[in-house]
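Note sheet for the following structure.
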Ligand code: FES
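Numbering (the working numbering), first residue to last: 2 to 159.
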């Protein structure tokens, strides 16, 4: 039996070779991470492992068993708007969602970016999110949301 840490809880799994995205969605019911391409290209399945983004569609549970896995469900309780993580709030404030399918991946990618770089440049934002796809094309709003999130973290956003 393998123990993994997901959103601050210990979970047991008998199958180290289980695909991480499938494990999260089907075994744990954490459906925030989405299946898009299944090939590591679209970013819809992005989760954090030890604070950094990882494509869960391309990873086995065994490969991340020693790390702290965070899905979008682990960012906030989601019960009220006041509980939103600052990055989630920034995406709401900038109306960055259209259909919303890709947004959990973008949010997790942004959290990972801000964990590495608290005040990213436009070039750093574009590089960090370059392999996230939005079929609705809200890239400009997403970019503004990332900038707003960085400002919120530094206490500068209104
Ligand atoms: Fe994992 Fe597209 S579903 S990168």
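The beta carbon of each residue, even a glycine, is placed where N, CA and C say it ideally should be. From a predicted model like this one, the values you see are computed outputs, not experimental measurements.
- Residue 83 sits in a helix when the DSSP states are folded into three classes.
- With respect to the 7 Å criterion, residue 139 and residue 97 are classified as neighbours on the basis of their beta carbons.
- The ligand FES approaches residue 45 closely enough that one of its heavy atoms is under 6 Å from the residue's Cβ.
- In the three-state reduction of the DSSP assignment, residue 121 falls in the coil class.
- When the five nearest sequence neighbours on each side are left out, the beta carbons in the same chain lying within less than 7 Å of the beta carbon of residue 105 are those of 33, 34, 35, 73, in order along the chain.
- With 16 or more other Cβ atoms inside 10 Å of its own Cβ, residue 107 counts as buried.
- About 27 Å separates the Cβ atoms of residue 47 and residue 2, ruling out a contact at the 8 Å cut-off.
- Assignment of residue 144 by DSSP, reduced to helix, strand and coil, places it in the helix class.
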